[in-house]
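S.K.: Under the working numbering, the first residue of the sequence shown carries the number 3, and numbering increases by one thereafter. One structure is given below, represented as structure tokens, and several questions about it will come after.
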Amino acid sequence: MKTAAICTVKDEAPYILEWVAWHRLVGFDRIVIAQNSSTDGTVEILHALDGAGVIDFVENSALVNGKPPISYQRRAYEKAFNVYVKGQCDWAIAIDIDEFLLLRGGLTLGQLIACAGDEYDQIRLNWRHFTASGHTRFEDALTIERFQHAQQLEGLATKAGCVKTLFRVDAAVTLDAHSPKETVSGAFKAIDGSGQPYTPRYKPFMQVDPNLCRLAYLAHYRSRDLESFILKSIRGTPDFYPTEILDSQYWRKANSFPTVPTDELSSRSLAVRREIDVIDGLTKGAARSLHEAAVDARIKRIADIMQRDDYRLLATELDDSYSPL
Numbered sequence: 003m004k005t006a007a008i009c010t011v012k013d014e015a016p017y018i019l020e021w022v023a024w025h026r027l028v029g030f031d032r033i034v035i036a037q038n039s040s041t042d043g044t045v046e047i048l049h050a051l052d053g054a055g056v057i058d059f060v061e062n063s064a065l066v067n068g069k070p071p072i073s074y075q076r077r078a079y080e081k082a083f084n085v086y087v088k089g090q091c092d093w094a095i096a097i098d099i100d101e102f103l104l105l106r107g108g109l110t111l112g113q114l115i116a117c118a119g120d121e122y123d124q125i126r127l128n129w130r131h132f133t134a135s136g137h138t139r140f141e142d143a144l145t146i147e148r149f150q151h152a153q154q155l156e157g158l159a160t161k162a163g164c165v166k167t168l169f170r171v172d173a174a175v176t177l178d179a180h181s182p183k184e185t186v187s188g189a190f191k192a193i194d195g196s197g198q199p200y201t202p203r204y205k206p207f208m209q210v211d212p213n214l215c216r217l218a219y220l221a222h223y224r225s226r227d228l229e230s231f232i233l234k235s236i237r238g239t240p241d242f243y244p245t246e247i248l249d250s251q252y253w254r255k256a257n258s259f260p261t262v263p264t265d266e267l268s269s270r271s272l273a274v275r276r277e278i279d280v281i282d283g284l285t286k287g288a289a290r291s292l293h294e295a296a297v298d299a300r301i302k303r304i305a306d307i308m309q310r311d312d313y314r315l316l317a318t319e320l321d322d323s324y325s326p327l
């Protein structure tokens, strides 16, 4: 059985190595990453990883008749699915760069998929949101170590949350951000992150999990630190969500809910660092060098934008203790 993780990025260079290392350790056989219009070193890192056989890189910046495509994200999913996944992999999932698939209790990816048996085509995994955990400045550090305050899982038992879907490839026709957009049969049967049958009650990409994600969930680092959020607000949301605005209201929504400390992901930091070393070795040292250059460029970018009154105002509105370096 072969599995694939599909990701789309724009200007996410400092986070790529950790994300790839994590999902290699999770057990994905193929990692496909598409990018469009990046200027922060993302392209160079992805080329290095692709050249070393670590990922498959999809360049997705091309214009259509001189104009951007209707959706860069949907086009990326279409390319990745049709070229690298369909007919080559058995199960796949679309995961963003700020999402980390957590398998709980020593479970392996193969064991999670085995819970679906022959009856189910999808495993719908809830988001578990992680806050900024009090961090305001961007740092060159592991996401899973910096942000350890997470949404209480008990809330998912009664309040529907968004899901990402691990799905059987030969049962899907097209891929979308949260689940296959079309299925071969026109319907689907799914289990949740606790291995229980999914019952449609909410929007197609939302569900409750009364058993509190017993097997797996998607850790979602929605805002990261304040400075990273400011950069994200400048870049804008994916064109899949054209009405979503990254402003103070978004920040508060991402950081103003009851949390509990958790080391479920950070406890695996040493393994992630070792895997990053393996990846760097495969690229003959290029990956780490490009990562460090991207970090330096981001720090300079933050310093530059904080010269502007409007971004300083937004930053202090989000956290009145913040002051630019």
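Built from N, CA and C at the ideal position, the CB exists for glycine as well. Please read all numbers here as calculations on a predicted model, not as lab measurements.
1) Using the Cα positions of Val87 and Ala6, report the straight-line distance between them to the nearest angstrom.
2) Just to confirm, are Val297 and Pro71 a CB contact at a threshold of 9 Å?
3) Our contact map puts His222 next to His131 with C-beta atoms below 8 Å; I'd like the distance itself, whole angstroms only.
4) Looking at C-alpha atoms only, which residue of Asp58, Thr133, Arg276 is the closest neighbour of Glu260?
5) What did DSSP end up calling Thr44 once you bin it into helix, strand or coil?
6) Are the beta-carbon atoms belonging to Arg300 and Asp100 less than 9 Å from one another?
7) For Tyr79, which three-state DSSP category applies?
8) What does a CB cutoff of less than 7 Å around Glu14 pick up in its chain, not counting 5 residues either side in sequence?
9) Quick one: what's got a C-beta closer than 6 Å to Pro212's C-beta in the same chain, skipping five residues either side?
10) Along the chain, where does the alpha helix (DSSP H) that runs through Val28 open and close?
11) For Leu217, which residues in the same chain have their Cβ closer than 8 Å to its Cβ, ignoring the five residues on either side in sequence?
12) Quick one: what's got a C-beta closer than 7 Å to Ser268's C-beta in the same chain, skipping five residues either side?
13) Pair every Cβ in the segment 309 to 325 with every Cβ in the segment 249 to 264, then say whether three or more of these pairs are closer than 8 Å.
14) For Pro199, collect the residues of the same chain with a Cβ closer than 7 Å to its Cβ; drop the 5 residues on either side in sequence, then sort them by chain order.
15) Given that a residue counts as buried once 16 or more other Cβ atoms are within 10 Å of its Cβ, and exposed if not, what is Glu156?
16) Apply the 10 Å Cβ neighbour rule to Ala273 and answer buried if 16 or more other Cβ atoms are within range, or exposed otherwise.
17) Put Phe149 into one of helix, strand or coil per three-state DSSP.
18) Answer with buried or exposed for Leu327, where buried requires no fewer than 16 other C-beta atoms within 10 angstroms of its C-beta.
19) Between the alpha carbons of Arg314 and Arg303, how many angstroms are there, rounded?
20) Hey, is the segment 279 to 293 in contact with the segment 29 to 37, meaning 3+ C-beta pairs nearer than 8 Å?
21) Are Ile97 and Cys9 close, meaning C-beta to C-beta below 9 Å?
22) Which term fits Arg139, buried or exposed, when burial requires 16 or more other beta carbons within 10 angstroms of its beta carbon?
23) Looking at C-alpha atoms only, which residue of His180, Gly188, Lys161 is the closest neighbour of Asp172?
24) I need the straight-line Cα distance from Leu228 to Asp311, nearest angstrom please.
25) Would you list the one or two residues that DSSP bridges to Glu319?
26) Does the distance from the C-beta atom of Val165 to that of Leu220 stay below 9 Å?
M.R.: For this structure:
1) Along the sequence shown, read from residue 1 onward, the residue named residue 87 stands at position 85. Along the sequence shown, read from residue 1 onward, the residue named residue 6 stands at position 4. Taking the straight line joining both Cα atoms gives about 7 Å.
2) What you label residue 297 is simply residue 295 of the sequence shown in a count that begins at 1. What you label residue 71 is simply residue 69 of the sequence shown in a count that begins at 1. No. Outside cutoff.
3) Taking the first residue of the sequence shown as position 1, residue 222 is located at position 220. Taking the first residue of the sequence shown as position 1, residue 131 is located at position 129. Contact holds; Cβ gap of about 5 Å.
4) As a working note, residue 260 is residue 258 in the sequence shown. It is worth fixing the name first, because residue 260 is Pro in this sequence and not Glu. Minimum Cα distance to Pro260 is reached at Thr133.
5) Within the sequence shown, numbered from 1, the residue matching residue 44 stands at position 42. Here Thr44 sits in helix by DSSP.
6) One-based indexing of the sequence shown puts residue 300 at position 298. One-based indexing of the sequence shown puts residue 100 at position 98. Contact: no.
7) Locating residue 79 in the sequence shown gives position 77, counting from the first residue. Tyr79 falls in the helix class under three-state DSSP.
8) As a position in the sequence shown, residue 14 is number 12, starting the count at 1. Excluding residues within five positions, the ones whose Cβ falls inside 7 Å are Thr44, Ile99.
9) As a first step, residue 212 must be located in the sequence shown, where it is residue number 210. Once the five neighbours on either side are set aside, the close Cβ partners of Pro212 are Ala159.
10) By 1-based counting over the sequence shown, the position of residue 28 is 26. Element bounds for Val28: 18 to 28.
11) The residue you call residue 217 lines up with position 215 of the sequence shown. Here the set comprises Leu105, Arg106, Gly107, Leu109, Leu114, Cys117, Gly195, Ser196, Gly197.
12) Within the sequence shown, the letter at position 266 stands for residue 268. So the qualifying residues of the chain are Ile146, Glu147, Gln150.
13) yes
14) What you label residue 199 is simply residue 197 of the sequence shown in a count that begins at 1. Closer than 7 Å at Cβ, skipping near neighbours: Ile193.
15) Walking along the sequence shown from the start, residue 156 turns up at place 154. Glu156 is exposed by the Cβ-count criterion.
16) To locate residue 273, count along the sequence shown from 1; it is residue 271. That one is exposed.
17) Indexing the sequence shown from 1 puts residue 149 at position 147. Phe149 falls in the coil class under three-state DSSP.
18) For the purposes of this step, residue 327 is taken as residue 325 along the sequence shown, with counting starting at 1. Exposed.
19) Mapped onto the sequence shown, residue 314 falls at position 312. Mapped onto the sequence shown, residue 303 falls at position 301. About 14 Å.
20) no
21) The sequence position of residue 97 within the sequence shown is 95, counting from 1. The sequence position of residue 9 within the sequence shown is 7, counting from 1. Yes, the Cβ-Cβ distance between Ile97 and Cys9 is below 9 Å.
22) One-based indexing of the sequence shown puts residue 139 at position 137. With fewer than 16 Cβ atoms within 10 Å of its Cβ, Arg139 is classed as exposed.
23) In the sequence shown, the residue the question calls residue 172 occupies position 170. That would be Gly188, whose Cα lies nearest to the Cα of Asp172.
24) The residue you call residue 228 lines up with position 226 of the sequence shown. The residue you call residue 311 lines up with position 309 of the sequence shown. So the two alpha carbons sit approximately 16 Å from each other.
25) Along the sequence shown, one-based indexing puts residue 319 at 317. Per DSSP, none; premise fails for Glu319.
26) As a position in the sequence shown, residue 165 is number 163, starting the count at 1. As a position in the sequence shown, residue 220 is number 218, starting the count at 1. In contact: Val165 and Leu220 (Cβ atoms closer than 9 Å).
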